[in-house]
Structure formats: C-alpha cells, structure tokens
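The structure under discussion appears below in the form of structure tokens.
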Amino acid sequence: MADFSLALTTAPEAADLAVLKAGMRRYEVSRLPGLPDETADMPAAVFARDAGGAVIGGVRGNVYWNGLEVDLLWVDEAHRRQGIARGLMGRLEQFARGHGAVVAYLRTVDARPFYERIGYAVYGVLEDRPIGTVLYHMKKRLDGG
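Counting from 1, one number per residue, gives the positions in the sequence shown under UniProt numbering.
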C-alpha cells in the first residue's frame with residue numbers, strides 16, 4: 001500500500017489548488033482530446049434596468065464546452081410577473097447559441113415551474129440541500145435536438 005497522509009483544510013493554499021486543477025485538466029484532455037481549457041470559458045450576464053437605469057433584474061452564466069451554465073437569475077420583487085425573467089433567460093440563451101452552446105443547465109430550489117414554462121426539464125433531484133428543500137437540476141436543449 002502507498003505511503004501517504006490526508007490533511008483537511010478550510011483555507012487551501014493557492015499552489016495546492018493549482019496542482020489539483022492542472023491534474024484534472026491533464027485527465028480531461030487525456031479522455032477528451034481537443035477539449036478547450038478554461039481560458040475559452042465565456043462569462044456572460046444580461047441586466048434589466050428601469051427607466052432611471054437602476055438594475056431591476058439580471059441573469060449570469062458561463063458558456064463553455066458547448067453548454068451554458070446558468071448560475072444566477074434574479075428579478076426585483078416589484079417587477080416580477082412582467083416577462084423580465086423570461087426575457088433575461090431568452091437573451092442569455094440566444095448569446096450562448098451564438099457561441100456554440102447546444103444545451104443549457106441550472107439548479108433551482110423554488111423556480112422549477114418557471115423554468116419548465118420556458119422549456120427546461122428536470123434531470124436530477126437532490127433532497128435536503130438545504131434541509132427541508134429539494135434542489136432541482138434542470139436542462140434545456142438549445143439546438144432543437
């Protein structure tokens with residue numbers, strides 16, 4: 001058996017994290033030659049503003065590996081149910097399609113019905129994350145497939 005030790009930390013060193021990242025990258029490329037590295041990732045955001053220019057909503061995501069990962073969608077409570085969230089998502093998906101994304105995916109605890117209305121489907125469920133809730137993993141084809 002190999003001689004090694006295990007050390008848990010809540011403040012990992014940047015150099016140690018760099019070793020992990022480089023090792024994972026080598027592994028990914030060995031399995032999927034030609035896979036773009038993270039420098040090809042394209043963060044993107046769309047903002048909704050009121051007449052005075054204040055942000056009243058927005059969506060943030062990252063386009064990489066032919067996909068769109070949506071990690072944040074918010075609309076100010078006073079401006080909900082006016083089509084803003086639908087517009088934000090549509091604009092981000094359009095941008096992602098234009099940059100090669102064929103699938104979009106996200107996670108939500110409480111907005112499942114909204115995402116289903118705009119074409120997303122559940123592909124995974126994680127209970128008790130956080131306790132007493134259900135975390136839905138959802139996806140949508142952007143290429144009509």
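For every residue, glycine included, the Cβ atom is placed at its ideal position computed from N, Cα and C.
Can you tell me whether residue i is helix, strand or coil according to DSSP?
| i | result |
| --- | --- |
| Leu17 | helix |
| Tyr105 | strand |
| Ala121 | strand |
| Phe95 | helix |
| Phe114 | helix |
| Arg86 | helix |
| Pro80 | Here the sequence assigns Arg to residue 80, which means Pro is not the residue at that position. DSSP places Arg80 in coil when its eight states are reduced to three. |
| Ala7 | coil |
| Ala22 | helix |
I think residue i touches residue j, with their Cβ atoms under 8 Å apart; what is that distance to the nearest whole Å?
| i | j | result |
| --- | --- | --- |
| Met138 | Ile118 | Not a contact, Cβ separation roughly 10 Å. |
| Val134 | Val109 | 7 Å |
| Asp71 | Arg60 | 6 Å |
| Val75 | Gly57 | 4 Å |
| Asp37 | Arg25 | 6 Å |
According to DSSP, residue i sits in a beta bridge with which residue or residues?
| i | result |
| --- | --- |
| Gly127 | Per the sequence shown, the amino acid found at residue 127 is Glu instead of Gly. According to DSSP, Glu127 bridges with Val134. |
| Trp74 | Gly58 |
| Gly67 | Tyr64, Val103 |
| Pro33 | Pro33 is not bridged to any residue. |
| Arg141 | Val103 |
| Pro12 | Note: Pro12 sits in no beta bridge, so no partner. |
| residue 154 | Outside the displayed span of the chain (1 to 145) sits residue 154, for which this structure offers no information. |
| residue 177 | Beyond the ends of the chain as shown, which are 1 and 145, falls residue 177; an answer cannot be given. |
Look at the Cβ atom of residue i, then the Cβ atom of residue j, and state whether they are nearer than 7 Å.
| i | j | result |
| --- | --- | --- |
| Ile84 | Ala48 | yes |
| Leu73 | Ala96 | no |
| Ala104 | Glu93 | yes |
| Asn62 | Asp41 | yes |
| Tyr120 | Lys140 | yes |
| Val46 | Arg107 | no |
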